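Have a look at the structure below, then the notes.
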Amino acid sequence: MSRNTLTFLKTYISSPDVTGAVAPSSRGLALALTSPLRAHKGPARILEVGAGTGPVTRVIGECMGPDDRLDVCEIQPELADVLERGPLSEEPLATARKDGRVRLIRAPIQEVDATNTYDFVISGLPFTAFRLELVREIVDVIRRSMKPGGVFSYFEYIALRALGRNLSPKATRQRVGPVSEFLDEMIATHQIKRQTVMLNIPPAYARHLVFTDSQNDE
Ligand SMILES: C[S@@+](CC[C@H](N)C(=O)[O-])C[C@H]1O[C@@H](n2cnc3c(N)ncnc32)[C@H](O)[C@@H]1O
């Protein structure tokens, strides 16, 4: 097990409801999450939320053009340290960071004060581990931060919500049920594409959404 994976696992053990996963995402999942970004032309503003040890950050770095800008948001200081030492100090992100095109935000996404700013928001946040009020608050912040037509990409583990709703202790069922309803409605209204990634622990869906009735539309 690599040092970064061990640090990630330690944060899961100490704060399971913040880390929300036992292992970093695979390259396959990172490629799926970045597929809309890889298809874009022209300068883009990108926000990565919940970057962890940076498997998705690395792939974002690989597909950034010379005029693209990336903000990386991570709430846990020990994981932000891993990002500093790892992907953000390695090429191509190291040079982009020196040029001022990459920023690390060591704070919760709820504190990011951006309106109509990002073309792509790529999230690793574990919505299923959160309470409904927190999910609502975070989705509001993300929607406000996006330009009209921007793409919001995130992942969820296949069947995890169904397990949480049906086979968990009562307290978990009571928390996951309303979160799941909220996510189902958001997906039904805004999802433009879903990719299944079996080569991930555990297998996951990468979901891509466009908020057509964006809070920032005129
Ligand atoms: C499931 S992990 C995903 C990590 C990484 N993106 C990956 O795919 O391996 C979720 C990450 O979100 C971070 N996180 C949780 N709540 C957050 C918040 N409110 N704001 C920013 N980051 C948050 C956690 O610290 C953790 O690093």
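For the sequence shown, my numbering gives the first residue as 654, with consecutive numbering after it.
Don't be surprised by glycine CBs; every beta carbon is placed ideally from N, CA and C.
Every value quoted in this text rests on a predicted model; they were computed, and no experiment measured them.
**Prompt:** Just checking my contact of His843 with Val804 at CB under 8 Å: how many whole Å lie between their CB atoms?
**Reply:** 10 Å between Cβ atoms; not a contact.
**Request:** Kindly identify the DSSP beta-bridge partner or partners of Tyr807.
**Result:** Ser776 and Arg860
**Asked** What residue from Arg789, Gln827 and Ile728 has the CA that sits closest to Leu836's CA?
**Response** Arg789
**Request:** Compare the beta carbon distance of Phe808 and Leu690 with 8 Å and say whether it is the shorter of the two.
**Result:** no
**Item:** Arg756 versus Asp793: straight-line alpha-carbon distance, rounded
**Value:** 22 Å
**For Thr658, the three-state DSSP class (helix, strand or coil)** = helix
**Request:** Return the first residue and the last residue of the alpha helix (DSSP H) that Thr710 is part of.
**Result:** Pro708 to Cys716
**Item:** From Val671, Phe864 and Ile713, residue whose alpha carbon lies closest to that of Gly802
**Value:** Phe864
**Message:** Determine whether the beta carbon atoms of Ala676 and Phe661 lie at a separation below 8 Å.
**Reply:** yes
**Asked** Just checking my contact of Cys726 with Ala704 at CB under 8 Å: how many whole Å lie between their CB atoms?
**Response** 7 Å
**Message:** Which same chain residues end up closer than 8 Å to Glu871 when comparing Cβ atoms and leaving out the 5 residues on each side of it in sequence?
**Reply:** Reliability of the predicted coordinates at Glu871 is poor, the pLDDT of 45 falling under 50, and the value obtained from them is presented with this limitation in mind. Excluding sequence neighbours, Glu871 sits near nothing in its chain.
**Request:** Could you tell me if the beta carbon of Glu786 falls within a distance shorter than 7 Å of some heavy atom in ligand 1?
**Result:** no
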